[in-house]
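To keep things clear, I will list the structure first and then write my remarks on it.
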Amino acid sequence: MPIRPENVLRYPPDWPAISLAIKERAGWRCECMGECGRGTHPGRCPNVHEGEAYGTGSIVCLTTAHLDHTPENVDPANLRAMCQGCHLHLDAGHHAVTRATTRARALADAGQLAVDVGAAATPVMPPTRPQTARTATARDSEQLPLLLDLPEHPEGTRP
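Heads up, the sequence shown is in numbering that gives the first Met the number 0, so the first residue is 0 and it goes up one at a time.
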C-alpha cells in the first residue's frame, strides 16, 4: 500500500529492503491466518502476489502490514506479508479512527466548536474479529441437494 506523504519519515530508510524480506519470507503468499477479521478464509489466505484473488478475480498485490499499525516498529514479528484485501480489513479500525480525527481537525480549523460529550466522542479502534473455521454440519448436507435441484429459468431471464 502506498505510504502517505505525512508518514514517509516514520519508516526507516531501508523500508523497501525490509518489506521485500518479509514478502520473500512468506514465499510471496499472503501470511494472514485470520487476524484480518474477514472470515472468508479458514487458515492461511490463499492469495499469491500477482495471482488472481479468490472471490474477486482481481490481481493480488502483496503488501507488508504492521500488526500494531506503527511504522517505526519493523520487528519481523510485527510484520506480515498480506494481500491488499486482508491488509485493508486489518487496518479498517485504524482507518476509522484516523478518519474521525482528521474530520474533527478539519471542522476545528474551519471554526466549528467541539462539543464535549465525554468518552463517547473519542474514536476507539474496534477489536479485531477472531476467525473461526466453519465446519460442515448435517444440516448443510441436507440442504445441498435442495440447492442443486433449482428450477430452470426461461432463456433471457436471470435467477
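Think of the CB as a built atom: it goes at the ideal place given N, C-alpha and C, for glycine as much as any other residue.
Looking at the DSSP output, Thr63 shares a beta bridge with Ala80.
Cβ-Cβ separation between Asn46 and Arg24: approximately 16 Å, too far for a contact (criterion under 8 Å).
DSSP places Arg43 outside both helix and strand once states are collapsed to three, so it counts as coil. For Met81, the closest C-alpha among the options Pro4, Ala103, Gly26 is that of Gly26. Counting only the Cα atoms, Gly33 lies some 19 Å from Glu51. By the neighbour-count criterion, in which 16 or more other beta carbons inside 10 Å mark a residue as buried, Glu30 falls on the buried side. When C-alpha distances from Asp67 are compared across Asp13, Leu89, Pro15, the shortest belongs to Leu89. Taken atom to atom, the span from the alpha-carbon of Pro11 to that of Glu5 is near 14 Å. Per DSSP, Thr100 is one residue of the alpha helix (DSSP H) stretching across 91-108. Distance from Val73 to Ile2 at the Cβ level is roughly 13 Å; contact not present, criterion being Cβ atoms closer than 8 Å. Cα atoms of Arg37 and Gln83: separation of roughly 12 Å, rounded to the nearest angstrom.
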